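Asks: Structure incoming, see below.
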Amino acid sequence: MNMVEAINNALHNEMKSDDKVLIIGEDVGKDGGVFRVTDGLIQEFGEDRVIDSPLAESGIVGFAIGLALYGFKPIAEIQFMGFLWPCLDQLSSHASRIRNRTWGRYTVPLVVRAPYGGGVRALEHHAESFESILAHIPGLKVVIPSNPYDAKGLLISSIRDPDPVVFLEPKRIYRGFKEEVPEEAYIEEIGKAKVLVEGDDLTLVGWGSMIPKILKARELMLEKGIKAEVIDIRSISPYDYHTVHKSVEKTGRIVVVQEAPRTLGFASEIISRINDNEMLNLKAPAFRVTGFDVPFPYYKMEEWAMPDLDRIIKASRQVLKW
Amino acid sequence: MNMVEAINNALHNEMKSDDKVLIIGEDVGKDGGVFRVTDGLIQEFGEDRVIDSPLAESGIVGFAIGLALYGFKPIAEIQFMGFLWPCLDQLSSHASRIRNRTWGRYTVPLVVRAPYGGGVRALEHHAESFESILAHIPGLKVVIPSNPYDAKGLLISSIRDPDPVVFLEPKRIYRGFKEEVPEEAYIEEIGKAKVLVEGDDLTLVGWGSMIPKILKARELMLEKGIKAEVIDIRSISPYDYHTVHKSVEKTGRIVVVQEAPRTLGFASEIISRINDNEMLNLKAPAFRVTGFDVPFPYYKMEEWAMPDLDRIIKASRQVLKW
Amino acid sequence: MFQIIDSNGKLVGLDPNLDEKLLKEMYWWMVYARMADDKALKLQRQGRIGTFPPTTGQEATQVGSGLATDKEDWIFPAFRELGTYLLRGIPLEKMFLYFMGDVRGNIIPENVRNLPMYVPVSTQIPQAVGAAYGMKLSNKKNAVVCFFGDGATSKGDFSEGLNFAGIFNTPNVFICQNNQWAISVPRKKQTASKTIAQKAIAYGFPGILVDGNDVLAMYLATKEALERAKSGDGPTLIEAYTYRLRMHTTADDPTRYRTDEELKEWEQRDPITRFRIYLESLGIWSKEWQKELETKAEDMIKKAIEKAENIEELKPEDLFSYMYLEMNPSLTEQLDYLKKMLATKEIEENSEKIEGGFP
Amino acid sequence: MFQIIDSNGKLVGLDPNLDEKLLKEMYWWMVYARMADDKALKLQRQGRIGTFPPTTGQEATQVGSGLATDKEDWIFPAFRELGTYLLRGIPLEKMFLYFMGDVRGNIIPENVRNLPMYVPVSTQIPQAVGAAYGMKLSNKKNAVVCFFGDGATSKGDFSEGLNFAGIFNTPNVFICQNNQWAISVPRKKQTASKTIAQKAIAYGFPGILVDGNDVLAMYLATKEALERAKSGDGPTLIEAYTYRLRMHTTADDPTRYRTDEELKEWEQRDPITRFRIYLESLGIWSKEWQKELETKAEDMIKKAIEKAENIEELKPEDLFSYMYLEMNPSLTEQLDYLKKMLATKEIEENSEKIEGGFP
Ligand SMILES: Cc1ncc(C[n+]2csc(CCOP(=O)(O)OP(=O)(O)O)c2C)c(N)n1
Ligand SMILES: Cc1ncc(C[n+]2csc(CCOP(=O)(O)OP(=O)(O)O)c2C)c(N)n1
Ligand SMILES: [Mg+2]
Ligand SMILES: [Mg+2]
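Residue numbers (full-length UniProt numbering), protein chains in the order written: chain A, 1 to 322; chain B, 1 to 322; chain C, 1 to 359; chain D, 1 to 359.
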């Protein structure tokens, strides 16, 4: 399955096994979602559970929070991350706080899904990556898969999670590649980073659509005898710094690759944590390969805006030089 | 003047000298603002220029953007930073982008003012500090004064700035102390940090209401012979890393004090930049004294939630121990 | 405007023939809410509770509508519904706790289907619609009542929420406590719409203008709207025309923006006085009964204060334990840090006096 | 529904007695817009431009309203107003550039008071109100026309914006191009309001339902609303009842959600055909003239493509130079890094094929 199919399959699994699960969003029903992620679900589960909503993102998330409070497990789709801004009030003022505000008397088992990221020659507002903003909001979980297998396992975990999860889907690789994905349900634990390949020379970390690039960079470097360890963060909130720090302890060198604008992207937090706990183990300053502090550009300039193999490899060389 | 008076005085100055300047917000007119920051302005400038708006934050900022596009210099007041969430769409999708989107054909000389921060025994949603979220949005400027003098000079700069500025006012110290503030207009440059006190032993940096605490901590440490250099960041976007790095070059030790939640607060960016450029000059890992990754608590617990003298001094000791 | 008794307590609408028990209950909750409000104001002035929004003048709106609900109906409040809050079964000490800055004020009893107060204006509205959708999907014959102010009708979430309700035909009753002011902004500067009730037209369901100082009108209008909702006929917007007799919150100074005449005029329409006169005309009210109610209320209020003031101290854990079902490693580290800091505290800051209130 | 000519091009309303020059202009802009749309679709299929939202079927709405404006009026568009865009004086190549992913498509000529397209639905609405307030404050006798779709009426910004307009009595004309669909969501699932026009009641100003496929009706209704606005009588909401004859965007497949019958029915109401018949009946339209217009349009379209395809290359600076009036040190550093990376580039990625469109 590719990632779209894996996510669709996860939704299908969970809707089938738990009739409290339902989906709401723009065009998620008849149209099957603009990326076809919810394709076929309305036919199987009906329009009461696969709800084509009016065009109102704050309303969608607010409505979904209400459903969650009432005992359902809503999955809200926001068509593009660029249209998630109007939901931040509902997410930060309520979804993320209601358990804490009521000491567990009320809870919000909500999933908000949104495709995110650039590199698909999209119109403005269709290529944003502001995941770090979500990770700054206490009480949310923020999960980002980088492959079909994880996408399914992490989404199922997110749906079953008793707390609100924002699930960001790197649309650049929605149909980028296929993998074996079991038909039956399985879970991948939220809050655990994954060492994708081991290595001793340096640590490469990233998430989402940066992972395939990082893996390719690793391959190219391997040809020169450099063994990079590759870590997929998978969840930026909670953030599994143990796994990253263990790797840095070993390699002493780290490059963090992030598509989002540079200032205060999640890489900043990764590096701050390394400073807190692992500075003495660093043999070179940590290096950030990031997007720039500009809105994601119109597509003629998009290749300039995104980290690429070349930049990842040059950054790796730089930290290895020390 | 105290900070409320200084801000009021700046508004008065600018409205008087430029009839394109106007104010819009909830209760800014007859009531003079819930903190009385706009007191007396409606009487002097009339209700066309000091506009009591309906209760709609996205509308306020959208409306102000329209005014700015048309050639005015609107100052939008958001009553509390906790109610700024609904404005993020207008701010990030438009205010911050219109110059770039049109290559300068249209621009948005807008100021959004909001009181922020805790420590005033407020109700929930009245004590937020999510300034780092604004600093992650390319195209905005984010200015935070820590004293009446700067508040006036920086606000005048913000009003005259040709680009959108979010001006955050640390309400904890709105009336905390008075300073000499000239009656006439003057400016403080945006994007310049300020070394408040020099010192060789370590660097203490912060912004907003953390500054008076830091200064007090410095005093107490001075009694033990420790000379800290104190830097007021004043503008987190653009961020004047030169000033901070110059200090770190000298002291080799730094403590960053931030009221906001820890993960991805602006301290993370400060530390990442030090990692980028100054790691070799560090004699100890940089230390963050921050809020916790929880919503700002109901006031019985607020003292636990905020950095205090004790924590600042302990952190300083820790970085000095190395 | 739908009205049963006028400002003088005279029956001007159809006699609803409600039974005495219910009428007495209405009166009791209004008196209790008013007295609790009085007391809260005193406590605030003594520094024993923090800023709070008084409810005086709006008791009929809150009590009339609240008593029309069933236990199984849900309520999504704003922050100025003390009457409803109490009559639904939330102990008064919770309210005191809340305004003492104690988060435990929000732990609503398990059997009470109220959400705690919503501070960010209007944000409860789409949530109330989602909950109602869930109810409908669960084939429950219940409804969701959602409160908000006149100011709230300007917010996007009001419009998005009501639009969802119209589309999904949810069992919602929206009650706008139009108390004529949103802090200093008068109703006519809040919207150019002639009434708030007519805003329902934009969402395809009925809106009705009700005298919010008439507890009987509020009761009947809400009852009818609830019946509509429960029988599948969809949502209703009720504009309860009322008045906030006190300040917006204890941090507010209403003399800056409204006239004494206006206040006096509305004091004449006091919802409790008018209902008392009506009950007296029915032979239900007496001075002795009034005394009885007041004594009972005083006693309850006293006990609530005692309970709230004597609650056990909060622990550092309480700052972190309820963030997620399970605490994550970062939070555990932060909690450890906090505990260590408190255990080794050397410098006590004498928190400087904080000036300048907030609304 | 306000109508001057019906689907068959027959005069059914009062004869507006517009002069021939104007009628010819109306027809020209509709033909030009339609042909540009046709061509854009071809270019998109050839990979020469990216995803774009076709406008076919909605030309009368756009041209009728657009021609009612003065040069000094401002326009805040959504993204499906090609007709208005062209007739206001924005060269067609800008539109092509925009959909080629070239930000220079947004550099509107200095003398044209149009904003560039707004992608986030409804966000232009409160801005249009702010600009109109500014106009009024400047004592200009002009107005602001703001376009949006039926889907847009569900967003909070629609409601907040219109409410401001009502309160401040701004010179705004709001034109809702109700084309019956918001991607796959039909109008009746967008709101339970019977018409969109009636939503104006919630904001205290008039709303009017107009046949959006009737260019004369659109012209007259907009003209009248503009006059109201300019003479200080405040805003108007115009619901232009029309239909999107093509896909939502080139990435959309409308057969998934709508029927052939519906499409056929609306094709019969094509705004251009009907106006042609009308002009023919007045003796204005002829085959030769049609030919003339088509030749002219073809020529202009060809030149626009040439211009757009031959624009100079973008430079790395262009990514950074327009963020602020002055570039700050962080951006300068980032630009230097980018330049260095490009200058020393070793590995060229052959961008993998991107599958899966987007709307
Ligand atoms: C979104 C938001 N903006 C601003 C505030 C600050 N504020 C609190 S109450 C209030 C006025 C509310 O007016 P209304 O809805 O009429 O309710 P009332 O206070 O009259 O009961 C304002 C502006 C808030 N709580 N939420
Ligand atoms: C806030 C927001 N949400 C979602 C989208 C994605 N989107 C683009 S157009 C559209 C439908 C718009 O419908 P309508 O307002 O009727 O305009 P039309 O496309 O019919 O011209 C959607 C959902 C968007 N652009 N903005
Ligand atoms: Mg009110
Ligand atoms: Mg439409």
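Note that the Cβ used here is the ideal one computed from N, Cα and C, for glycine as well.
Computed from a prediction, not measured in an experiment: that's the story for all the values here.
I'd like the list of long-range same chain contacts for B:A286, defined as Cβ closer than 6 Å, with 5 residues on each side in sequence excluded.
Replies: I254, I271, I274
Asks: If you measure from each residue's Cβ to the nearest non-hydrogen atom of ligand 6, which ones come out under 7 Å, in chain order?
Replies: As presented, the structure is devoid of ligand 6, carrying ligand 1, ligand 2, ligand 3 and ligand 4 as its sole ligands.
Asks: Buried or exposed for D:G356, going by 16 or more other Cβ atoms inside 10 Å?
Replies: Reliability fails at D:G356, whose pLDDT of 42 lies under 50, so the model's placement of it is uncertain and the value that follows must be treated cautiously. It counts as buried.
Asks: Just mark C:E267 as buried or exposed, buried being the case when its beta carbon has 16 or more other beta carbons within 10 Å.
Replies: exposed
Asks: Measuring alpha carbon to alpha carbon, tell me which of C:Y118, C:R244, C:S286, C:D252 ends up nearest C:P271.
Replies: Nearest of C:Y118, C:R244, C:S286, C:D252 to C:P271, Cα basis: C:R244.
Asks: Report the neighbours of D:D260 on chain A: residues whose CB is nearer than 7 Å to its CB, in chain order.
Replies: Per Cβ cutoff of 7 Å: no residues; D:D260 is ~16 Å from chain A at best.
Asks: Any C-beta of chain A within less than 7 Å: which residues of the region 295 to 325 of chain C qualify?
Replies: Along the region 295 to 325 of chain C, the positions whose C-beta sits under 7 Å from a C-beta of chain A are Y322, M323, Y324, L325, read in chain order.
Asks: With a cut-off of 8 Å, does the C-beta of D:I183 fall near any C-beta of chain A?
Replies: yes
Asks: Residues of chain B with CB under 7 Å from A:H245, in chain order?
Replies: Under the 7 Å cutoff, chain B gives no residues; its nearest Cβ is about 13 Å from A:H245.
Asks: Quick test of your reading: A:M301 and A:L168, contact by CB under 8 Å. State the CB separation rounded to the nearest angstrom.
Replies: Actually they are not in contact, since the Cβ atoms of A:M301 and A:L168 sit about 23 Å apart, beyond 8 Å.
Asks: What residues from the region 56 to 72 of chain B come within 9 Å of chain D, judged by C-beta to C-beta, listed N to C?
Replies: A56, E57, S58, G59, I60, V61, G62, F63, A64, I65, G66, L67, A68, L69, Y70, G71, F72
Asks: Fully enclosed by the region 81 to 166 of chain B, which alpha helix (DSSP H) runs are 4 residues long or longer?
Replies: Counting whole runs of 4 or more residues, the region 81 to 166 of chain B contains the alpha helix (DSSP H) stretches 98 to 101, 131 to 135, 148 to 160.
Asks: Check this for me: beta carbons of C:R258 and C:S7, under 8 Å apart or not?
Replies: No.
Asks: Taking 8 Å as the CB-CB limit, is B:F130 close to chain A?
Replies: yes
Asks: In angstroms, rounded to a whole number, what distance separates the CA positions of A:F107 and D:F148?
Replies: Note that residue 107 of chain A corresponds to Thr in the displayed sequence, not to Phe. Each residue's alpha carbon lies about 37 Å from the other.
Asks: Please report the residue range of the beta strand (DSSP E) in which C:A297 lies.
Replies: Counting along the chain, C:A297 falls outside any beta strand (DSSP E), though it belongs to the alpha helix (DSSP H) covering 287 to 309.
Asks: Is B:Q79 close to ligand 1? I mean its beta-carbon at under 7 Å from any heavy atom of the ligand.
Replies: yes
Asks: Is there at least one Cβ from chain A nearer than 8 Å to B:D161's Cβ?
Replies: no
Asks: Which stretch, first to last residue, makes up the beta strand (DSSP E) that contains A:V230?
Replies: 228 to 232
Asks: Can you tell me which residues form a DSSP beta bridge with B:N8?
Replies: DSSP, once it has assigned bridges, lists no residue as partnering B:N8.
Asks: C:G232 versus chain D: which residues are under 9 Å apart at the beta carbon?
Replies: Chain D residues near C:G232: none, gap ~14 Å exceeds 9 Å.
Asks: Exposed or buried, B:M15, counting other C-beta atoms within 10 Å across all chains shown (16 or more means buried)?
Replies: buried
Asks: Tell me, please, which residues DSSP counts as bridged to residue 362 of chain C.
Replies: Because chain C here runs from 1 to 359, residue 362 of chain C falls outside it and cannot be looked at.
Asks: Alpha carbons only, please: which of B:Y186, B:V294, B:D18, B:I173 is nearest the one belonging to residue 425 of chain C?
Replies: Nothing can be reported for residue 425 of chain C: it is not among the residues displayed for chain C, which extend from 1 to 359.
Asks: Can you say whether A:A135 is buried or exposed, counting buried as having 16 or more other CB atoms within 10 angstroms of its CB?
Replies: buried
Asks: When every heavy atom of ligand 2 is checked, does at least one fall within less than 7 Å of the C-beta of A:F83?
Replies: yes
Asks: When the Cα atoms are used, what is the spatial distance from A:G307 to A:P297?
Replies: Note that residue 307 of chain A is Pro in the sequence shown, not Gly. In a straight line, the C-alpha of A:P307 is about 14 Å away from that of A:P297.
Asks: Expressed to the nearest angstrom, what Euclidean distance is found between the alpha-carbon atoms of C:G101 and B:E5?
Replies: 29 Å
Asks: Could you work out which residue in A:Q318, A:E44, A:K20, A:V61 is closest to A:V166 when comparing CA atoms only?
Replies: A:V61
Asks: Give every residue of the same chain whose Cβ lies closer than 6 Å to the Cβ of A:R99, excluding the five residues on either side of it in the sequence, and list them in chain order.
Replies: Result list for A:R99: T107, in chain order.
Asks: If we define contact as Cβ-Cβ less than 8 Å, is A:S93 a contact residue for chain C?
Replies: Interface residue, yes.
Asks: Per the DSSP calculation, C:K21 is bridged to which residue(s)?
Replies: The partner list for C:K21 (beta bridge, DSSP) is empty, contrary to what the question assumes.
Asks: Counting C-beta neighbours from all protein chains within 10 Å, is the total for B:E188 16 or more, i.e. buried, or is it exposed?
Replies: buried
Asks: I think D:M341 touches A:R311, with their Cβ atoms under 8 Å apart; what is that distance to the nearest whole Å?
Replies: 6 Å
Asks: Is C:S159 near D:G156, with beta carbons less than 8 Å apart?
Replies: yes
Asks: Starting from D:K188, trace the alpha helix (DSSP H) in both directions and tell me its first and last residue.
Replies: Where D:K188 is concerned, the enclosing alpha helix (DSSP H) starts and stops at 187 to 190.
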